[in-house]
Amino acid sequence: MDGDQALGGFSSEGLAAIPAALKPVIEAGDLSGFVTLLWRKGEIAQVNTIGHRDVAGGLPMTRDTMFRIASMTKPITSIAALMLLEEGKLRLDDPITRWMPEFAGMKV
Numbered sequence: 004m005d006g007d008q009a010l011g012g013f014s015s016e017g018l019a020a021i022p023a024a025l026k027p028v029i030e031a032g033d034l035s036g037f038v039t040l041l042w043r044k045g046e047i048a049q050v051n052t053i054g055h056r057d058v059a060g061g062l063p064m065t066r067d068t069m070f071r072i073a074s075m076t077k078p079i080t081s082i083a084a085l086m087l088l089e090e091g092k093l094r095l096d097d098p099i100t101r102w103m104p105e106f107a108g109m110k111v
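Right under this line is the structure:
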C-alpha cells in the first residue's frame, strides 16, 4: 500500500475527516462522545474514540464503552437494504433464499 493509503483502502485524508467532523458536535455539547469503527475487507480500518463516556466524572470514551442502542439495527439495516436497492444489487421481490440459502425449505 502506498504512503497516501490507509488500512482497508481508505485514504488517510478521508479517515482523518471522521474525527474532525465529529469533534465540533462534542465541543458544542450536543453529544458527550462517539466511538466509530470502519471495517473493510475483513479488517478494522479505523477506530476513533472521541469525547467522554461520563462527562461529570471526566471518563474518556473507550473502544469498549457500552452503549444503549435500543432497536436501531432495524432502521440501519433498512437503510442499507434501500441503498443496495438503489444500486440495483437488491430487488424487493428477491426470495430470501437468494441471500440466505440455508432458509430453503424452512417451515414456519
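Numbering of the sequence shown is given in the numbering used here, commencing with residue 4 and proceeding in unit increments. Beta carbons: idealized from backbone N, C-alpha and C, even for Gly.
Give the secondary structure of residue i by DSSP, where H, G and I count as helix, E and B as strand, and everything else as coil.
{"i": "ILE21", "result": "helix"}
{"i": "VAL111", "result": "coil"}
{"i": "ALA48", "result": "strand"}
Measuring CB to CB, does residue i end up less than 8 Å from residue j?
{"i": "PHE13", "j": "LEU41", "result": "yes"}
{"i": "ILE53", "j": "PHE37", "result": "yes"}
{"i": "ARG71", "j": "LEU62", "result": "no"}
{"i": "LEU112", "j": "LEU88", "result": "In the structure as shown, the chain begins at 4 and stops at 111. Residue 112 is therefore absent and cannot be evaluated."}
Using the DSSP secondary-structure output, state which residues sit across from residue i in a beta bridge.
{"i": "PHE37", "result": "ILE53"}
{"i": "LEU62", "result": "ASP57"}
Kindly indicate the opening and closing residues of the alpha helix (DSSP H) around residue i.
{"i": "GLU105", "result": "Run containing GLU105: none; DSSP gives neither H nor E here."}
{"i": "PRO78", "result": "76 to 89"}
Is residue i close to the ligand MN? I mean its beta-carbon at under 7 Å from any heavy atom of the ligand.
{"i": "GLY54", "result": "As far as ligands go, the structure on display features none, and thus does not contain the ligand MN."}
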